[in-house]
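Below is one structure, written out as structure tokens, with a few remarks after it.
In the working numbering, the protein residues as written are 23 to 323.
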């Protein structure tokens, strides 16, 4: 740190950051660190690290806000995405809320009373250290169908929950109207009077009430989202494996840099990659396509 030649205010802010308990306190300390950090060339990596931490704290604050928010917005508005977003769609008593509770750990009322869910409710499913935002929507009807389908269009993935005790007709129609990536989960498949579901009609069928296969369902959701995790590191430091950057498959180093901080895209000189690279720490350009689990080290101009 001696070579940084920073003023006392910088080190005071650094101490504040290390002692901070809330995201608000962390952000204030990081802003002070950025203000007092020298702008000479030897401080470039530290400046990059400060900006990266600021972007991460901002995302964490937004995620915390989303977890506390239990009610959806009014018709015509959308719930802001917090990471990859999954929308659950289903008819009356289809088992949506039971699935929602199982994968998010929440405890929303779930019973045979029709229209128990009256508003869109957000929750979070954690898988592979990634927070996936899950929206439980009201039971779909002809009256509210357009609104529900609008939420689905805005999401990264839609899941139709089919009631295994009912005929598939109307339920299948909702599936066919969904756009983008989608999958089907079958509830109540193992109860008395269940109808036979052909697995080749939609792909493999899953029972959402089987407590033994919740992890299997989460894995199915994860695979359908088609995303990758990328981890970051700064020069001469260990990678941060606690908070992956989540990108769509096919994304590049430049896309990852934009997620870390919007200024990094224009100033990106090159990156070093561990994982999918030909050798550890290979120097690559911004167009390099990343793979799941890659570690990247960004270098600025």
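Think of the CB as a built atom: it goes at the ideal place given N, C-alpha and C, for glycine as much as any other residue.
Would you tell me roughly how many angstroms separate the C-alpha atoms of residue i and residue j, rounded to the nearest one?
i           : j           : result
residue 33  : residue 61  : 15 Å
residue 59  : residue 252 : 28 Å
residue 64  : residue 106 : 37 Å
residue 304 : residue 163 : 54 Å
residue 38  : residue 260 : 23 Å
residue 264 : residue 198 : 38 Å
residue 257 : residue 27  : 19 Å
residue 215 : residue 156 : Low confidence applies here, because residue 215 scores a pLDDT of 44, under 50, leaving its location unreliable; read the following figure in that light. In a straight line, the C-alpha of residue 215 is about 30 Å away from that of residue 156.
residue 285 : residue 115 : 48 Å
residue 96  : residue 125 : Because the pLDDT at residue 96 is just 45, under 50, the model does not fix this residue reliably, and the point stays unresolved.
residue 111 : residue 153 : 20 Å
residue 235 : residue 266 : 26 Å
residue 322 : residue 69  : 10 Å
residue 316 : residue 202 : 27 Å
residue 128 : residue 55  : 38 Å
residue 143 : residue 173 : 12 Å
residue 306 : residue 113 : 49 Å
residue 280 : residue 294 : 16 Å
residue 299 : residue 74  : 23 Å
residue 320 : residue 49  : 22 Å
residue 166 : residue 101 : 17 Å
residue 72  : residue 52  : 7 Å
residue 80  : residue 187 : 45 Å
residue 36  : residue 44  : 15 Å
residue 318 : residue 77  : 17 Å
residue 268 : residue 30  : 37 Å
residue 282 : residue 242 : 28 Å
residue 141 : residue 238 : 28 Å
residue 66  : residue 195 : 56 Å
residue 40  : residue 262 : 16 Å
residue 302 : residue 292 : 15 Å
residue 272 : residue 161 : 35 Å
residue 289 : residue 308 : 11 Å
residue 276 : residue 310 : 8 Å
Taking the alpha helix (DSSP H) that residue i falls in, what are its first and last residues?
i           : result
residue 38  : 30-41
residue 54  : 45-58
residue 101 : No alpha helix (DSSP H) contains residue 101, which DSSP labels as neither H nor E.
residue 247 : 236-247
List the endpoints of the continuous beta strand (DSSP E) containing residue i.
i           : result
residue 300 : Residue 300 -> no beta strand (DSSP E), and no H or E assigned at all.
residue 204 : 204-209
residue 317 : 316-322
Please say whether residue j and residue i have beta carbons closer to each other than 8 Å?
i           : j           : result
residue 312 : residue 254 : no
residue 270 : residue 287 : no
residue 150 : residue 244 : yes
residue 159 : residue 208 : no
residue 247 : residue 178 : yes
residue 85  : residue 104 : yes
residue 200 : residue 171 : yes
residue 146 : residue 240 : no
Which ranges does the beta strand (DSSP E) cover as unbroken runs of at least 3 residues, wholly within the region 125-181, from first to last along the chain?
-> 143-149, 152-158
Given 8 Å, three or more beta-carbon pairs between the region 165-185 and the region 114-134 = yes
Run through the region 251-313 for me and flag every whole beta strand (DSSP E) of 3 or more residues, listed as ranges in chain order.
-> 262-270, 290-296, 304-306
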